[in-house]
Structure formats: structure tokens, C-alpha cells
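Colleague:
Residue numbers (our numbering): -11 to 285.
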């Protein structure tokens, strides 16, 4: 019986990343390597397997039939390697080290800096990396150790803790209200300018849930970035929505009652179960929870 080839994981990782991105350049950026190095790795794995895995095309690479058949077992191998790394990291006993936290851009900017400063003061041997992102970071692949989410994650192998709910409220700049007046009724409300989201449908869905049918064109100023969105409201572009505590602490805006029930923002801490009991991650988790509780109802 012929001996099975021994595959270097780095070669399998190179193959899988190229397969998922469709190009050497995109895969090289993701892996933090050069395009020529990645090209050599692809040739090497093809030589070891004795099979062509990609068709070379003018605008990238396309999987051959054999290459397509290998994507699923390569993905299984990647998951296994990541679980090995997670398990090993989860057994580390030292408090010293780095903890990587991901949260939305607005949470990262508005709430986490003083909490992280407190963590650094209490535990100077723990380094903190903050990843502001409105994308859903994959905890399995160590893109973050702890995530602060405004929804309950549902992936398997995750540990979650509901910290509480953040109240939402409606605000407008005092300069806007001085110019346009404060809405006094539902009919009056629809004559005002609102700041809405661009691609995100949440505000439109909130209006419709309250029995008010609006579409994207109703919002004459639109932005999906929550930090920029709030600055547009503060500048007087129209009525907008924000976390109640943020707006009530801002001297440039006034809270207004538009007669609509508003949802709340649930705050969840999330970590991979294999990492949750690592001493430094458990310590940062507990300090994050303590720091976030004053923000919630």
C-alpha cells in the first residue's frame, strides 16, 4: 500500500484561502504573506498531491473538480487546527498576556475606553487589543477572545452572558428645534426631518412596528456609521435615535417624545467556551461585565 502524503498545514491553509478568495493577491493579504510565496505554496501542495487544484485564469484562479472536492475536508482540517490552538490557549495558567476584545464601532468609541483604562490599571500585566467592528467577528478563529454584542450570539461552542439592556431615546439638536420647533403630534412629526440609516433597515422597521409606514426616502440624511450618525443629529440635520444615556449627557441636544415605543439594545458578553476559563480572559470578562453594568437598565 502506498504511503499517504504528509501535508504541511500551512500548505492546506494556503489552498483553502485561495479557494475561498479566488485570487492569490486577496489570499496573500488575508494570510499576511506575499503573492509569490503563496504561489509557490500552491504549486507545492499540487506536487505533493499529484493533482492540479486550480485553473489559472486572467482574473484569478478557479477550482478544478479535484480542488473543489478538497475544500470540505480542508475546512474540517482548519477547524481541527483551530480547536487545537484554542484548547492549548485555554489551558494557559498565567494571568499575563493579551486579550483581544471586539465590539461595535460605537460601543468601542463611547463606552469601552474608560472600562479598558480601568482594566489596565487593575491588571497591568494584561495587554488589551480592541477591535472596533460592526462585522460579526469569529471567536472560533481567534479574531477576538471576547465579543461585546448587541444581540445574543447563537453559534455553537460559545459562552454568553446577558449584561442587561440599554434604553434608546429620541433626540434633536437644540439648534434644529429652535429653527423647526418641537413636534407636538404624530401628524406634526411627519413634517420634520429625520436622520436615518442608509442600508440598515432597523429604523424603518421600527417605524412600521409603531404603525407608521415610511421608506428610505423619508430620511433626508442617511448614514450607517453610528458615530457619524450621532454627529449628524448633533449638527442639526434632523431628529434621530441614540442610546438614552449618550443623548441625555449631551448639552447640544434635547430629548423629545415622538409617541413611539422604542426597542432596547441588549448587551451580551461572548467568548469561546475553550477560552472562557483562561485566567486572563476570565478576569477581563468579569471586569468588562462590571464596567458595562452601569450602562444598562
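Beta carbons: idealized from backbone N, C-alpha and C, even for Gly.
1. Please determine, among 100, 159, 117, the residue with the shortest C-alpha to C-alpha distance to residue 237.
2. Where does residue -10 fall in DSSP's three states?
3. Any contact of the region 146 to 160 with the region 256 to 273, i.e. 3+ C-beta pairs under 8 Å?
4. Quick check: what's the CA-CA separation for residue 36 versus residue 259?
5. Would you call residue -4 buried or exposed, if buried means 16 or more other Cβ atoms sit within 10 Å of its Cβ?
6. Report buried or exposed for residue 43, applying the criterion of at least 16 other Cβ atoms within 10 angstroms of its Cβ.
7. Which two residues bound the contiguous beta strand (DSSP E) that contains residue 155?
8. Using beta carbons (cut-off 7 Å, strictly below), is residue 241 in contact with chain B?
9. Where residue 23 and residue 34 are concerned, what is the direct C-alpha to C-alpha distance, given to the nearest angstrom?
10. Please report the residue range of the beta strand (DSSP E) in which residue 85 lies.
11. With distances taken between CB atoms, is the gap from residue 240 to residue 161 smaller than 7 Å?
12. Ordered along the chain, which non-local residues of its own chain (more than five positions away) have a Cβ less than 8 Å from that of residue 196?
13. Assess contact between the region 206 to 216 and the region 178 to 188, defined as three or more Cβ pairs (one per stretch) separated by less than 8 Å. Is contact present?
14. For the beta strand (DSSP E) containing residue 250, name the first residue and the last one.
15. Of all the options 269, 180, 283, which has the alpha carbon lying nearest to the alpha carbon of residue 89?
16. Which value, in whole angstroms, describes the spacing of the CA atoms of residue -10 and residue 38?
17. For a quick check, are the C-beta atoms of residue 65 and residue 6 less than 7 Å apart?
18. Exposed or buried, what is residue 251 when buried is set at 16 or more other beta-carbons lying within 10 Å of its beta-carbon?
19. Helix, strand or coil: how does DSSP classify residue 229 here?
20. Using only the alpha-carbon positions, how far apart do residue 267 and residue 257 sit?
21. Considering Cα atoms alone, identify which of 204, 178, 4, 32 is closest to residue 190.
22. On a CA-only basis, which of 11, 62, 254 is nearest residue 141? Give me that one, please.
23. Thinking residue 234 and residue 98 are a contact (beta carbons under 8 Å), I'd like their distance in whole angstroms, please.
24. Can you tell me the Cα-Cα spacing of residue 283 and residue 48, whole angstroms?
25. Less than 7 Å separating the beta-carbons of residue 87 and residue 114?
26. Have a look at residue 132 and residue 215 and give me their C-alpha separation to the nearest angstrom.
Modeller: So, to answer that:
1. Within the chain shown, numbered from 1, the residue matching residue 237 stands at position 249. Selected option, being the one with the closest Cα: 159.
2. Within the chain shown, the letter at position 2 stands for residue -10. In this prediction, residue -10 has a pLDDT of 42, which is less than 50 and means its spatial position is unreliable; what the coordinates show is noted afterwards. Coil at residue -10, not helix or strand.
3. yes
4. As a working mapping, residue 36 is identified with position 48 in the chain shown. As a working mapping, residue 259 is identified with position 271 in the chain shown. Each residue's alpha carbon lies about 38 Å from the other.
5. Here residue -4 refers to the residue found at position 8 when the chain shown is read from its first residue. With fewer than 16 other Cβ atoms within 10 Å, it is exposed.
6. Along the chain shown, read from residue 1 onward, the residue named residue 43 stands at position 55. Exposed: under 16 other Cβ atoms inside 10 Å.
7. Along the chain shown, read from residue 1 onward, the residue named residue 155 stands at position 167. Run containing residue 155: 146 to 161, per the beta strand (DSSP E) assignment.
8. Among the chains in the structure shown there is no chain B, since it carries only a single protein chain.
9. On the chain shown, residue 23 is found 35 positions in, with the first residue counted as 1. On the chain shown, residue 34 is found 46 positions in, with the first residue counted as 1. Roughly 17 Å separates the two Cα atoms.
10. As a first step, residue 85 must be located in the chain shown, where it is residue number 97. Residues 85 to 91.
11. Within the chain shown, residue 240 is the residue found at index 252, counting from 1. Within the chain shown, residue 161 is the residue found at index 173, counting from 1. Yes, the Cβ-Cβ distance between residue 240 and residue 161 is below 7 Å.
12. Here residue 196 refers to the residue found at position 208 of the chain shown. Excluding sequence neighbours, residue 196 sits near 202.
13. yes
14. Within the chain shown, numbered from 1, the residue matching residue 250 stands at position 262. Looking at the DSSP string, residue 250 is not in any beta strand (DSSP E), and its letter there is neither H nor E.
15. Within the chain shown, residue 89 is the residue found at index 101, counting from 1. The option with the nearest alpha carbon to residue 89 is 269.
16. Numbered from 1 along the chain shown, position 2 holds the residue referred to as residue -10. Numbered from 1 along the chain shown, position 50 holds the residue referred to as residue 38. Legend: pLDDT at residue -10 = 42, less than 50; position of this residue unreliable, value from coordinates given subsequently. The straight-line gap from Cα to Cα measures roughly 13 Å.
17. Within the chain shown, residue 65 is the residue found at index 77, counting from 1. Within the chain shown, residue 6 is the residue found at index 18, counting from 1. Against a cut-off of 7 Å, the Cβ pair of residue 6 and residue 65 comes out as no contact.
18. Here the question's residue 251 lines up with position 263 in the chain shown. Exposed, by the Cβ-count rule.
19. Counted from its first residue, the chain shown places residue 229 at position 241. Strand at residue 229.
20. As a first step, residue 267 must be located in the chain shown, where it is residue number 279. As a first step, residue 257 must be located in the chain shown, where it is residue number 269. Residue 267 and residue 257: Cα-Cα distance of roughly 16 Å.
21. In the chain shown, the residue the question calls residue 190 occupies position 202. Checking every option, the nearest Cα to that of residue 190 belongs to 204.
22. Translated into positions along the chain shown, residue 141 becomes position 153. The option with the nearest alpha carbon to residue 141 is 254.
23. To locate residue 234, count along the chain shown from 1; it is residue 246. To locate residue 98, count along the chain shown from 1; it is residue 110. At roughly 6 Å, the Cβ-Cβ gap stays under 8 Å, so residue 234 and residue 98 are in contact.
24. Position 295 of the chain shown holds residue 283. Position 60 of the chain shown holds residue 48. Taking the straight line joining both Cα atoms gives about 48 Å.
25. Walking along the chain shown from the start, residue 87 turns up at place 99. Walking along the chain shown from the start, residue 114 turns up at place 126. Their beta carbons are under 7 Å apart, which means residue 87 touches residue 114 by this criterion.
26. Counted from its first residue, the chain shown places residue 132 at position 144. Counted from its first residue, the chain shown places residue 215 at position 227. C-alpha separation (whole angstroms): 22 Å.
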